[in-house]
Amino acid sequence: MKRVFVAGHRGMVGSAITRQLASDPEVSILTASRSELDLREQKQVFEFLADKKVDQVYLAAAKVGGIVANNSYPADFIYENLAIQNNLIHGAHLADVNQLLFLGSSCIYPKFADQPMREDSLLTGVLESTNEPYAIAKIAGIKMCESYARQYHRDYRSIMPTNLYGPGDNFHPENSHVIPAMLRRFHEAKLNRAEEVVIWGTGTPMREFLYVDDMAAASVHLMNLSSEQYSKITLPQLSHVNAGTGVDCTIRELAETIQKVVSFQGELIFDVSKPDGTPRKLMDSSKLLSTGWTPKYELQEGLESSYRWFVDNELSARTA
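When we follow numbering that gives the first Met the number 0, the leftmost residue of the sequence shown carries the number 0, and every step to the right adds one.
Here it is in structure tokens:
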């Protein structure tokens, strides 16, 4: 039986990967809470990996947050993410774990990268300043996996998802990403019988979103490709693979869909005096799609699932 350690199993992505792996009878899943294992502490991580005799590691643990959080705590974001991935990647090597999958983010690409963003646009331009420390940590993770593969012939791979959402997301009113933030705002507007919900900007910027269970399936699929299959889509110049739907929508379309999902009856107002941000952010996921993986969830279906989780978990926890 294959012993698989999911680092970050309580986070949105890690929990989805754990659910995905649980359906495989040949996999024994290993997890550890923060109280049991602090991934920022090198000695703890090295001893854990050596003791557990792990076959595979999914590195889904990270300090994450929205624009406000990234702007407010840049030192925390770069230090904690570098510490976590340094400890896990080098610790896996020392423990002779030959397979590891590092999960990154689309923010690794330059702010003005050509659309859709291809893997080879990495390190070709300036990063978005608001999350640069986080992005640099993620780029370092990619390069660590690439370097251990080159020097020690480890099978360490990297996957870069587009904007993720789903059960287990962060619905904090200030530190969350666009989908959980909108779901909360529309829900609270419905409860308060508000006449309108105001969205920043014109609503014309386009964004791509991937449901987290699709991301989990992509991660397991990519991990289980043969070395030859993985090399075929990455070598000679690449060491990571994009994961997205290949389909984007406008912020207006997203807001209108969320309004429908939440059943908010008021008006949707766009404050054009507020900034729009980057006009478009779409990933080129053709390399991953060429290996046979395809996303299953349409946007509305994924939003409905996310909203149910929010109501059943976030809200019930506050009222319990």
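Beta carbons are placed, not taken as given, at the ideal position from N, Cα and C, and that holds for glycine. Every value quoted in this text rests on a predicted model; they were computed, and no experiment measured them.
- Residue pairing by DSSP places residue 248 opposite 206 in a beta bridge.
- Exclusion of the five residues before and after residue 284 leaves 241, 242, 243 and 245 as the residues of its chain whose Cβ lies within less than 7 Å of its Cβ.
- By DSSP's assignment, residue 137 forms no beta bridge with any residue.
- Taking residue 172 as reference, the option from 256, 162, 6 and 184 with the minimal CA-CA separation is 184.
- At a Cβ-Cβ threshold of 8 Å, residue 180 and residue 292 do not count as neighbours.
- Here residue 312 is exposed: its Cβ has fewer than 16 other Cβ atoms, across all protein chains shown, within 10 Å.
- Residues of the same chain with a CB within less than 8 Å of the CB of residue 60, apart from the 5 flanking positions on each side, are 6, 7, 10, 13, 38, 83 and 87 in chain order.
- Note on residue 115: 16 or more other CB atoms within 10 angstroms of its CB, so buried under the neighbour-count rule.
- Using a Cβ-Cβ distance cut-off of 8 Å, the segment 88–96 and the segment 122–139 are not in contact, since fewer than three pairs of beta carbons, one from each stretch, lie closer than that value.
- Here residue 249 is not near residue 290, since their CB atoms are 8 Å or more apart.
- For the pair residue 247 and residue 207, the CB atoms are nearer than the 8 Å cut-off.
- Going by DSSP, residue 15 is part of the alpha helix (DSSP H) stretching over 11–21.
- Counting of Cβ neighbours within 10 angstroms places residue 58 among the buried residues, the total reaching 16 or more.
- Within the segment 42–90, the runs of alpha helix (DSSP H) that reach at least 4 residues and sit entirely inside it are, in chain order, 66–71.
- Minimum Cα-Cα distance from residue 158 among the listed residues 274, 214, 33 and 210 corresponds to 214.
- Rounded to whole angstroms, residue 106 and residue 303 show a C-alpha spacing of 26 Å.
- If you draw a 10 Å sphere on the C-beta of residue 130, you find 16 or more other C-beta atoms in it, and that means buried.
- Separation of residue 1 and residue 267 (C-alpha to C-alpha, rounded to the nearest whole angstrom) is 50 Å.
- Taking C-beta atoms as the reference points, residue 124 and residue 110 count as a pair closer than 8 Å.
- The beta-carbon distance between residue 211 and residue 274, rounded to whole angstroms, is 28 Å. This is too long to meet the 8 Å contact definition.
- Annotation: residue 270 to residue 258 spans about 17 Å, alpha carbon to alpha carbon.
- By alpha-carbon distance to residue 197, the top candidate from 170, 254, 191 and 236 is 254.
- Within the same chain, and ignoring the five residues on either side of residue 224 in sequence, the residues whose Cβ sits closer than 8 Å to its Cβ are 290.
- Rounded to whole angstroms, the Cβ separation of residue 29 and residue 119 is 35 Å, and the two are not in contact under 8 Å.
- In this structure, 305 is the residue among 305, 50, 169 and 162 with its C-alpha nearest to the C-alpha of residue 260.
- Contact check for residue 67 against residue 174 passes: the beta carbons are separated by less than 8 Å.
- For the 8 Å CB-CB criterion, residue 294 and residue 182 do not form a contact.
- If you look at residue 107, you'll find it isn't in any alpha helix (DSSP H); DSSP assigns it neither H nor E.
- For residue 267, the uninterrupted beta strand (DSSP E) run begins and ends at 266–270, by DSSP.
- In this structure, the straight-line span from the alpha carbon of residue 33 to that of residue 79 is close to 13 Å.
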